[in-house]
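Here is the structure we will look at.
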Amino acid sequence: MTGLWILLGLLVVIIGYGVIKYMAQRRYLKTLSAEEFRQGYRKAQLIDVREPNEFKSGHILGARNIPVTQLKQRLQEVRPDKPVYLYCQNGSRAARAASLLHKKGYSDLNQLEGGFKKWDGKVKSS
Numbered sequence: 020m021t022g023l024w025i026l027l028g029l030l031v032v033i034i035g036y037g038v039i040k041y042m043a044q045r046r047y048l049k050t051l052s053a054e055e056f057r058q059g060y061r062k063a064q065l066i067d068v069r070e071p072n073e074f075k076s077g078h079i080l081g082a083r084n085i086p087v088t089q090l091k092q093r094l095q096e097v098r099p100d101k102p103v104y105l106y107c108q109n110g111s112r113a114a115r116a117a118s119l120l121h122k123k124g125y126s127d128l129n130q131l132e133g134g135f136k137k138w139d140g141k142v143k144s145s
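Residue numbers (our numbering): 20 to 145.
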């Protein structure tokens, strides 16, 4: 029975941590609908944070590929003075990229709601 209480307590802590992290992220990362994203990304840095093979199979026209796994090493490619529009396949990697950018001082961070799989705009395949 004690083990069950420990497991329940651990579950509450994990869920609580996730909720707190999500609420903090909402302060610095704007999640935009496809229409809102389309209206603003041409004046911003459009970054696809998926892996190169995913990018080659199809990406938003005008996007640069900087995988989230390489972002720390390639930060010099992202200007801190311009808005950053991020997307991945479904949104989780874009949120991780935004967290890293926020920690490095970037402030105008936006992500595509639902990720690339929800995108209905122009796409380019390599």
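Think of the CB as a built atom: it goes at the ideal place given N, C-alpha and C, for glycine as much as any other residue.
Mark residue i as exposed unless 16 or more other C-beta atoms lie within 10 angstroms of its C-beta, in which case mark it buried.
| i | result |
| --- | --- |
| residue 67 | buried |
| residue 130 | buried |
| residue 112 | buried |
| residue 65 | buried |
| residue 120 | buried |
Residue i: which of the options sits nearest, CA to CA?
| i | options | result |
| --- | --- | --- |
| residue 123 | 94, 60, 131 | 94 |
| residue 63 | 100, 78, 25, 144 | 100 |
| residue 128 | 77, 56, 24, 86 | 56 |
| residue 69 | 90, 54, 29 | 90 |
| residue 114 | 21, 45, 22, 30 | 45 |
| residue 92 | 49, 116, 20 | 116 |
| residue 88 | 76, 98, 118 | 118 |
If you measure between the beta carbons of residue i and residue j, is that distance less than 9 angstroms?
| i | j | result |
| --- | --- | --- |
| residue 141 | residue 80 | yes |
| residue 104 | residue 60 | yes |
| residue 126 | residue 78 | no |
| residue 71 | residue 86 | yes |
| residue 53 | residue 132 | yes |
Would you please verify whether the beta carbon of residue i is less than 9 angstroms from any beta carbon of chain C?
| i | result |
| --- | --- |
| residue 65 | Absent from the structure is chain C; it holds one protein chain and no more. |
When you compare the stretch 131-138 with the stretch 101-121, are there three or more beta-carbon pairs, one atom per stretch, that lie closer than 8 angstroms?
yes
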